[in-house]
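Data first, discussion second: the structure below is written as structure tokens.
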Amino acid sequence: MKRKTKKRLRTFLVVCLIIILGIIAYGYLQYQDGLNSSMNHTQTNESSKNELNEFNGAEIENNLGKVNVLLLGIDARGEEQSRTDTIMIAQYDPKEETAKLISIMRDIYVDIPDHRSYKINTAYFLGGAELLRQTLKLNFDIDLHYYAIIDFTGFEKAVDALAPNGIEIDVEKAMSKQIGVSLQPGLQHLNGKELLGYARFRQDAEGDFGRVRRQQEVINALKDEVISLNGVTKLPRLVGTVQPYVETNLETMEIMGLLKDFILHPPNTIESLRIPVDGSFIDASYPHAGAVLEIDKEMNQREIDLFLNGPSAIGIDTEG
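Using numbering that gives the first Met the number 0, the letters of the sequence shown correspond one by one to residues 0 to 319.
Written out as structure tokens, the structure reads:
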């Protein structure tokens, strides 16, 4: 009887091992397939790192610590250093299974270390991701662990790899000016190019405020697709497809590890915050910087700390 039990157990373990190896092999082949399909892109991941490889991120406390990632979207044009079109801070807490996203409006007027004050997106133009990290730390006391920069082509390819039939979006109005596509109102599935245009549109009364709102909507829609069963099977190929278009200090296995944790412990939603918060800014203008948003830094720093770290971080007693 014991011999039969041991034999069955051994057979079960062998089958499990074969399944695990099969999954690993499938993932690797999908990753390589995605990577090979993107290698005709002129700017590889390694060349990006050689250009901007300095990022003195904070140390993560432990394996279950909160991870803060600086996310930047750029319109890469040849060798010219770009200003960032999108600045976001993403936080994932594997212990609490929460995900949070801060959108930093690019026209905020800030102090930039060793430079005069400018719009915040100028920090990347002057000194890359590291100077932008320093700027965020100086003005808002944010600790960042990693950064990731994706150009617009990479975003389009990522969406098309993840959702070949498009991402469902309810387009609120006709949109076409300065986004490279023409969108009509109504519920529809948008491909990568169309979704990028939707997220970038700002030629209406809302301006950048509407653009930030739509970007957060798009991130939540992509999150839902990623954690779906259909999306999970496409993740290795997705990472391989996007890799040549991304500059990051995260290694490939670290990215896969974060994605694994995100899928196994998915948040119900991605909480979002826009900086500056309502009631904390005025429109201003400077000869060297143009039209800017002049903000109450103390108020916004407090809101960021509360959002990322909870009430105890700003001295609020929740047990009283």
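Each residue gets a CB set at the ideal place from its N, CA and C atoms; glycine is no exception.
Values in this document were obtained by computation on a predicted structure and should not be read as measured data.
Three-state secondary structure assigned by DSSP to residue i
i: N219; result: helix
i: E155; result: helix
i: Q214; result: helix
i: Q42; result: Confidence at Q42 is low in this model, with a pLDDT of 46, below 50, so its placement is unreliable and no value can be given for it.
i: V170; result: strand
i: T160; result: The identity of residue 160 in the sequence shown is Ala, whereas the question assumes Thr. Here A160 sits in helix by DSSP.
i: N49; result: Low local confidence applies: a pLDDT of 41 at N49 is under 50, so the model's placement there is unreliable, with the coordinate-based value given in what follows. In the structure shown, N49 sits in a helix (DSSP, three-state: H, G or I).
i: L344; result: The question about residue 344 has no answer, for the chain in this structure spans 0 to 319.
i: G179; result: coil
i: I23; result: In this predicted model, I23 has a pLDDT of only 39, less than 50, meaning its place in the structure is not dependable; the value taken from the coordinates is given anyway. Helix, per DSSP.
i: K136; result: helix
i: K66; result: It is worth fixing the name first, because residue 66 is Val in this sequence and not Lys. Residue state, collapsed to three classes: strand.
i: E224; result: helix
i: G278; result: coil
i: G72; result: strand
i: G239; result: helix
i: G206; result: coil
i: Y30; result: With a pLDDT of 48 at Y30, under the threshold of 50, the modelled position of that residue is not reliable, and no figure is offered here.
i: I17; result: Summary for I17: the model assigns pLDDT 47, below 50, so the residue's position carries little reliability, and this model does not support an answer.
Closest Cα partner of residue i within the set the options
i: L272; options: L69, D84, I101 and K94; result: I101
i: P163; options: I111, H287 and E224; result: E224
i: D150; options: Q202, I262, D106 and L195; result: L195
i: N190; options: A160, N229, D92 and S116; result: A160
i: V245; options: L69, K65 and L143; result: L69
i: P243; options: M87, E155 and F54; result: E155
i: E193; options: T152, I303 and V238; result: T152
i: L186; options: R301, E167, D282 and R201; result: E167
i: K222; options: P184, T232 and F261; result: F261
i: I103; options: L292, L305, G309 and P310; result: L292
i: K94; options: D304, P266 and D277; result: P266
i: V170; options: Q215, G64 and P184; result: P184
i: P286; options: Q90, Y108, A57 and R199; result: Y108
i: A157; options: I218, R105 and N299; result: I218
i: E250; options: Y146, M87, D277 and K233; result: Y146
Element boundaries [beta strand (DSSP E), containing residue i]
i: I303; result: Element bounds for I303: not the beta strand (DSSP E) but the alpha helix (DSSP H), K296 to N308.
i: M87; result: T83 to D92
i: E253; result: Note, E253: premise wrong, no beta strand (DSSP E); alpha helix (DSSP H) at T251 to L263.
i: A98; result: T97 to I103
i: I141; result: No beta strand (DSSP E) contains I141, which DSSP labels as neither H nor E.
Those residues which DSSP pairs with residue i across a bridge
i: S284; result: A290
i: R128; result: Position check: residue 128 holds Ala in this sequence, whereas Arg was assumed. In the DSSP output, where bridge partners are listed per residue, A128 has none listed.
i: E246; result: I148
i: G56; result: BP columns for G56 are empty, so no partner.
Extent of the continuous alpha helix (DSSP H) run through residue i
i: K192; result: G191 to R199
Task: Meets three-Cβ-pair contact criterion under 8 Å: the segment 169 to 183 and the segment 121 to 139 - done: In this structure the segment 169 to 183 does not touch the segment 121 to 139; the number of beta carbon pairs closer than 8 Å is below three.
- [ ] Assess, as a yes-or-no matter, whether the segment 79 to 95 is touched by the segment 120 to 127 under the definition of 3 or more beta carbon pairs within less than 8 Å.
- [x] yes
TODO: May I ask you to verify whether the segment 204 to 218 touches the segment 134 to 143, counting CB pairs closer than 8 Å and requiring at least 3?
DONE: The segment 204 to 218 vs the segment 134 to 143: no contact.
Task: Three CB pairs or more closer than 8 Å across the segment 270 to 286 and the segment 247 to 260 - done: Counting Cβ pairs under 8 Å, fewer than three are found: no touch.
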